[in-house]
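Going down the list, the protein sequences come from chains A and B. Residues 968 to 1211, numbered by the working numbering, are exactly what the first sequence covers, in order. Residues 968 to 1211, numbered by the working numbering, are exactly what the second sequence covers, in order. The C-beta atom is built at its ideal place from N, Cα and C for all residues, glycine as well. Keep in mind that this is a model prediction, so the values were computed, not measured. Take a look at the structure set out below.
Number of protein chains: 2
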Amino acid sequence: MRIHTDLTPAESYQDVVVLIDVLRTSTVAPVLFERGLESLALTPSLRSARGAAREGWLLLGERQGVPAEGFNYGNSPAELSTIDLRGRRAVMVSENLPRWLSNVAGARQVLLGSLYNAAATAEVASSRARDSIALAGCGFEGEPDLDDALGAGLLAAILGERLPAAVRSGATRFAISLLRAFPDPMEALWQSVSGHYLRRVGLERDLAFAAQVSVSGIVPRLVEQREGAGSAPLYLFAPADRPS
Amino acid sequence: MRIHTDLTPAESYQDVVVLIDVLRTSTVAPVLFERGLESLALTPSLRSARGAAREGWLLLGERQGVPAEGFNYGNSPAELSTIDLRGRRAVMVSENLPRWLSNVAGARQVLLGSLYNAAATAEVASSRARDSIALAGCGFEGEPDLDDALGAGLLAAILGERLPAAVRSGATRFAISLLRAFPDPMEALWQSVSGHYLRRVGLERDLAFAAQVSVSGIVPRLVEQREGAGSAPLYLFAPADRPS
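Dropping the structure here:
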């Protein structure tokens, strides 16, 4: 088994890939399922998202950190953790994670991982991987960012305990060393570019929310790719079954 | 002015690029000039290096951390800091930095930077740049490594003081945040993959040497690209003139 890390996603993946956007999409996705959401679609296309909304899906997402006009909710895990979403479907558009979905969609298993669901993600990833687990940080505007690098480090450290014989790439060891340098994850989120951005728009509470470690057992998994409005893809996620 | 960081080098560069291999080539290069070396050639090609050696150049370098057979010296800054090199020319081959020289050779100015010559490198880079300074870590076996990421962070922090209006990319801010996380550079070198590798072959003293900050005023600069034996290039470096 190999554990590989990309601080921004590579062109494509084969086996298991964990897409990591700690601030905020891979933190908010498990929150939505905790609140009772039935189905979550992610898309980089505003048009495709609005098309799904016309079919009754809740429209979630952000432009520059806050909800876009006509959206039901933004992308704030702190806000969404208080909403009742039982029986609802939602489509989420954001400027960061969704742009990478076409890179990862060809992998055998695509999971969304964060600090918030780290232990469960490591459990699902290690039980489903045949020969490799890739940890892919979404970064910020195409560059590596500290929140996702730390998330990759935490996932790699837990995977290393579950799979002690696994070969860890150089970037994986790099990510693990960050974890040692930031014993309090909040410090890393505070210093990340994404964190600066959220602080500027008054969303400090999302940093505190996303800094929680392994409190969720839900691991969103890509289950279907569907054509949305304007031929842009909708990527459908559902909670992965946990190994028994 | 823009300050950009690549944790491993990009395909090509335009203006000023600082190639960073803290452990060890961009640390050892200023040491060689301090010891009186007249001209330093770097090459990824063993054949090309041996060709230069037949013409009287000292042959320096490593395979797996230690000097290769028939070499005059290895790549250890601690060792080379005690040798008299006055009036000599040397060609150095190593497994890490030289492989990236073809990526950077097209830039207007190519400098070698490390913790050891950080302040001087920032001074030369900021005085010579027209619109951008790229900090390119060499990493380890093609992946980001902590020694070079920290070196980029230190250079970026000093450049930020010299050029307060410069735009810093996301990865640059990422690198600067590492600097805050590792107030003692030795800790980062110790945890880096390159550092592990050197410790395994008994070269801990090179970590301590490379952890020294801004003690050298010498900034190696690419001055000529020459065809060596077997058509492989030799990249010639000389100390950059410091701005007066």
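Report the residue from the options whose alpha carbon sits nearest the alpha carbon of residue i.
i, options, result
"Leu1068/B", "Leu1009/B, Leu1146/B, Pro1131/B", "Leu1009/B"
"Tyr1202/B", "Thr975/B, Ser1006/B, Asn1084/B", "Ser1006/B"
"Met987/A", "Gln1192/A, Gly1104/A, Ser1015/A, Gly1109/A", "First, the residue type needs correcting, since residue 987/A is Ile and not Met in the sequence shown. Selected option, being the one with the closest Cα: Gly1104/A."
"Gly1195/B", "Gly1018/B, Phe1204/B, Gly1137/B, Asn1070/B", "Gly1018/B"
"Pro1200/A", "Phe1000/A, Gly1184/A, Glu1128/A, Ala1072/A", "Ala1072/A"
"Ile1185/A", "Ala1205/A, Phe1176/A, Glu1029/A, Thr975/A", "Ala1205/A"
"Ala1207/B", "Arg1166/B, Ala1124/B, His971/B, Val985/B", "Val985/B"
"Ala1175/A", "Gly1120/A, Met1059/A, Tyr1083/A", "Tyr1083/A"
"Arg1209/B", "Arg1097/B, Leu1130/B, Glu1090/B", "Glu1090/B"
"Ala1045/A", "Gln1192/A, Asp1173/A, Glu1001/A, Val1182/A", "Asp1173/A"
"Asp973/B", "Arg1193/B, Leu1122/B, Val1182/B", "Leu1122/B"
"Arg1140/B", "Asp1051/B, Ala1124/B, Tyr1040/B, Arg1193/B", "Ala1124/B"
Please state whether DSSP places residue i in a helix, a strand or coil.
i, result
"Ser1048/B", "coil"
"Pro1210/B", "coil"
"Pro1200/A", "strand"
"Ile1143/A", "helix"
"Tyr1164/A", "helix"
"Val985/A", "strand"
"Arg991/B", "coil"
"Phe1107/A", "strand"
"Val1033/A", "strand"
"Gly1071/A", "Note that residue 1071/A corresponds to Val in the displayed sequence, not to Gly. In the structure shown, Val1071/A sits in a helix (DSSP, three-state: H, G or I)."
"Val1134/A", "strand"
Just list the residues that DSSP pairs residue i with in beta bridges.
i, result
"Ala1057/A", "Leu1007/A, Leu1025/A"
"His971/B", "Ala1101/B"
"Pro1187/B", "Pro1206/B"
"Tyr1040/B", "Leu1027/B"
"Arg1193/B", "Leu1201/B"
"Gln1076/A", "Val983/A"
State the Cα-Cα distance for the pair residue i and residue j, rounded to the nearest angstrom.
i, j, result
"Gly1106/B", "Ser1081/B", "13 Å"
"Leu1170/B", "Thr1049/B", "16 Å"
"Ala1116/B", "Pro1111/A", "12 Å"
"Glu1062/B", "Trp1024/B", "19 Å"
"Pro976/A", "Val1190/A", "20 Å"
"Met968/A", "Ser1015/A", "37 Å"
"Leu1130/A", "Leu1013/A", "40 Å"
"Arg1166/A", "Tyr980/A", "33 Å"
"Leu1085/A", "Ala1119/A", "The sequence given here places Ala at residue 1085/A; Leu does not occur at that position. Those two C-alpha atoms are separated by around 9 Å."
"Arg1053/A", "Phe1038/A", "18 Å"
"Gln1158/A", "Tyr1164/B", "30 Å"
"Arg1055/A", "Ala1020/A", "12 Å"
"Phe1000/B", "Ala1087/B", "14 Å"
"Leu1064/B", "Gly1197/A", "47 Å"
"Val1033/A", "Val1168/A", "8 Å"
"Pro1187/B", "Ala1133/B", "24 Å"
"Val1058/B", "Ile970/A", "37 Å"
"Ala1142/A", "Ser1181/A", "18 Å"
"Met1153/A", "Thr994/A", "14 Å"
"Glu978/B", "Glu1128/A", "36 Å"
"Pro1011/B", "Ala1178/B", "25 Å"
"Leu1146/B", "Ser1183/A", "32 Å"
"Val1160/A", "Asn1070/A", "23 Å"
Can residue i and residue j be called in contact, C-beta distance under 8 Å?
i, j, result
"Val990/B", "Leu1126/B", "Residue 990/B is actually Leu in this sequence, not Val. Not a contact, by the Cβ cut-off of 8 Å."
"Leu1047/A", "Val998/A", "yes"
"Ser1136/A", "Leu1113/B", "no"
"Glu1022/B", "Asn1042/B", "no"
"Leu1148/B", "Ala1148/A", "Note that residue 1148/B is Ala in the sequence shown here, rather than Leu. Cβ distance < 8 Å, so Ala1148/B and Ala1148/A count as in contact."
"Ala1092/A", "Val983/A", "yes"
"Arg1097/A", "Asp1051/A", "no"
The stretch 1113 to 1133 of chain A: positions lying closer than 8 Å to chain E by Cβ
Although the question refers to chain E, the structure presented lacks it and instead comprises the protein chains A and B.
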